[in-house]
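Colleague: Per the numbering used here, the sequence shown starts with residue 17, numbered consecutively.
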Amino acid sequence: MFYECYNKLGEKIGWARSKGEAEEKIRHANLMLDLEQMKDPIKFAERVERTQQKQEKERKGEGVALLVGGIMVIVMLVACAISM
Numbered sequence: 017m018f019y020e021c022y023n024k025l026g027e028k029i030g031w032a033r034s035k036g037e038a039e040e041k042i043r044h045a046n047l048m049l050d051l052e053q054m055k056d057p058i059k060f061a062e063r064v065e066r067t068q069q070k071q072e073k074e075r076k077g078e079g080v081a082l083l084v085g086g087i088m089v090i091v092m093l094v095a096c097a098i099s100m
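Quick look at the structure:
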């Protein structure tokens with residue numbers, strides 16, 4: 017079984033083969049984020065902002081996909097009803 021790993025900002029950091037490996041990857045990634053934040057807070061703030069913008073775009077894309085999927089289902093139901 018594989019686990020997707022995300023850091024505390026929500027950025028995907030990779031895959032792990034076990035739960036323990038996933039926890040270790042996440043712990044390491046979050047430690048690196050903390051070090052980056054202490055080293056250069058301005059750069060870290062910019063990274064947080066970019067990540068948030070990326071997540072907003074993904075959510076908008078998911079909404080569009082759901083809308084298109086819903087329309088397709090309705091069209092298929094209407095087509096089935098007409099063909100009967």
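Yeah, the Cβ is synthetic: ideal placement off N, Cα and C, and Gly gets one too.
Beta-carbon separation of TYR19 and GLU40 under 9 Å?
Modeller: Taking the first residue of the sequence shown as 1, we reach residue 19 at position 3. Taking the first residue of the sequence shown as 1, we reach residue 40 at position 24. No. Outside cutoff.
Colleague: Could you tell me the boundaries of the alpha helix (DSSP H) in which GLY26 lies?
Modeller: Position 10 of the sequence shown, counting from 1, holds the residue named residue 26. Note, GLY26: premise wrong, no alpha helix (DSSP H); not H, not E.
Colleague: Which residues does DSSP list as the beta-bridge partners of GLU20?
Modeller: Against the sequence shown, residue 20 aligns to sequence position 4. TRP31.
Colleague: What residue does the alpha helix (DSSP H) around MET92 start on, and which one ends it?
Modeller: Here residue 92 corresponds to residue number 76 of the sequence shown, with the count starting at 1. It spans 57-99 - the alpha helix (DSSP H) in which MET92 sits, taken as one unbroken run.
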